[in-house]
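Residue numbers (our numbering), protein chains in the order written: chain A, 3 to 113; chain B, 17 to 130. Below: the structure, in structure tokens.
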Amino acid sequence: ILNVEQSPQSLHVQEGDSTNFTCSFPSSNFYALHWYRWETAKSPEALFVMTLNGDEKKKGRISATLNTKEGYSYLYIKGSQPEDSATYLCARLSGTYKYIFGTGTRLKVLA
Amino acid sequence: NAGVTQTPKFRILKIGQSMTLQCTQDMNHNYMYWYRQDPGMGLKLIYYSVGAGITDKGEVPNGYNVSRSTTEDFPLRLELAAPSQTSVYFCASSYSGEGPYEQYFGPGTRLTVT
């Protein structure tokens, strides 16, 4: 994998459903992975910064895991709510201050 | 704290015109970044700076210039605007201690070149 890839591109879920998305990235020269939440007409806001293989982070109903050896991270949302509707971005940081962003997963939670 | 502020919010330029997008942060962050976001694409890094007087190119620097004379300000200059530079531009900053640390984004500048 040469770029940061996110899947799916978009999804619709019902309120109360749990869901997850994937961020795949080059595993070589890995330094950190960021997850951001981006609501329409706003700026991206940081959710997690992850650095170590096997890292697990949690914030309320949202959690993330990291596998640096195989180059992927999962973001989980438990019991989705309409206010979770947003685009979720991941960004890989190499050691040179340069972030490579994925194109995002657009989540719509239907009430 | 105002965080990261950007001006203007919107701008329409004619082909060949020049302009400067302003970015200021009040968090004393050393690291600052400029991104552009095109429809269906992720954020692409244009330029970044690790401190006053130090800047470097990102993925898509052609057609842009930056300067960093103070910790707070990181303006982005478009010299000869082209339609391909129609985009939404985001400035971001982050702390530079024993990191890595998350980036804080400004509200964006929507630029149209016609």
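Cβ atoms here follow ideal geometry from the backbone N, Cα and C, with glycine treated the same way. All values derive from a computational prediction rather than experimental measurement.
Asked	Found
If we cut at 8 angstroms on Cβ distances, does S30(A) have a partner in chain B?	no
Between H45(B) and the rest of its own chain, which residues show a CB-CB distance below 8 angstroms, the 5 nearest in sequence each way excluded?	T87, S109, S110, Y111, S112, Y120
Kindly say whether S96(A), judged by its beta-carbon, lies nearer than 8 angstroms to any beta-carbon of chain B.	no
Measuring straight from C-alpha to C-alpha, what distance separates K71(A) and E41(A)?	31 angstroms
Quick check: what's the CA-CA separation for T21(A) versus A34(A)?	23 angstroms
According to DSSP, what are the bridge partners of T71(B)?	S65(B)
Would you mind giving the Cβ-Cβ distance between D72(B) and Y63(B), rounded to the nearest angstrom? I have them listed as a contact below 8 angstroms.	7 angstroms
So, is the C-beta of T21(A) closer than 8 angstroms to a C-beta in chain B?	no
Considering only residues of the same chain and omitting the five flanking positions on each side of D54(B), which have a CB-CB separation below 6 angstroms?	S103
Whose C-alpha, out of I28(B), A97(B), L94(B), G124(B), is nearest the C-alpha of C107(B)?	G124(B)
On the DSSP bridge assignment, give the partners of A88(A) in chain order.	L109(A)
Drop a sphere of 10 angstroms on the beta-carbon of F26(B), count the other beta-carbons inside from all chains shown, and report buried for 16 or more, exposed for fewer.	exposed
Listed in chain order, which residues of the segment 59 to 91 of chain B have Cβ atoms closer than 7 angstroms to some Cβ of chain A?	L59, L61, Y64, V66, G74
Helix, strand or coil for Q101(B) per DSSP?	helix
Thinking just about the alpha-carbon of each residue, which of S65(A), D57(A), I102(A) is nearest to the one in M57(B)?	I102(A)
Can you check which of these residues, D19(A), V15(A), S26(A), Q16(A), is closest to T105(A) by C-alpha distance?	S26(A)
Measure the CB-CB distance between T36(B) and R126(B) and report whether it falls below 8 angstroms.	no
Please decide whether Y90(A) counts as near chain B, where near means a Cβ-Cβ distance under 8 angstroms.	no
For T42(A) and chain B, any beta-carbon pair shorter than 8 angstroms?	no
Alpha carbons only, please: which of F32(A), S45(A), S87(A) is nearest the one belonging to A113(A)?	S87(A)
What is the DSSP secondary structure of H45(B), counted as helix, strand or coil?	coil
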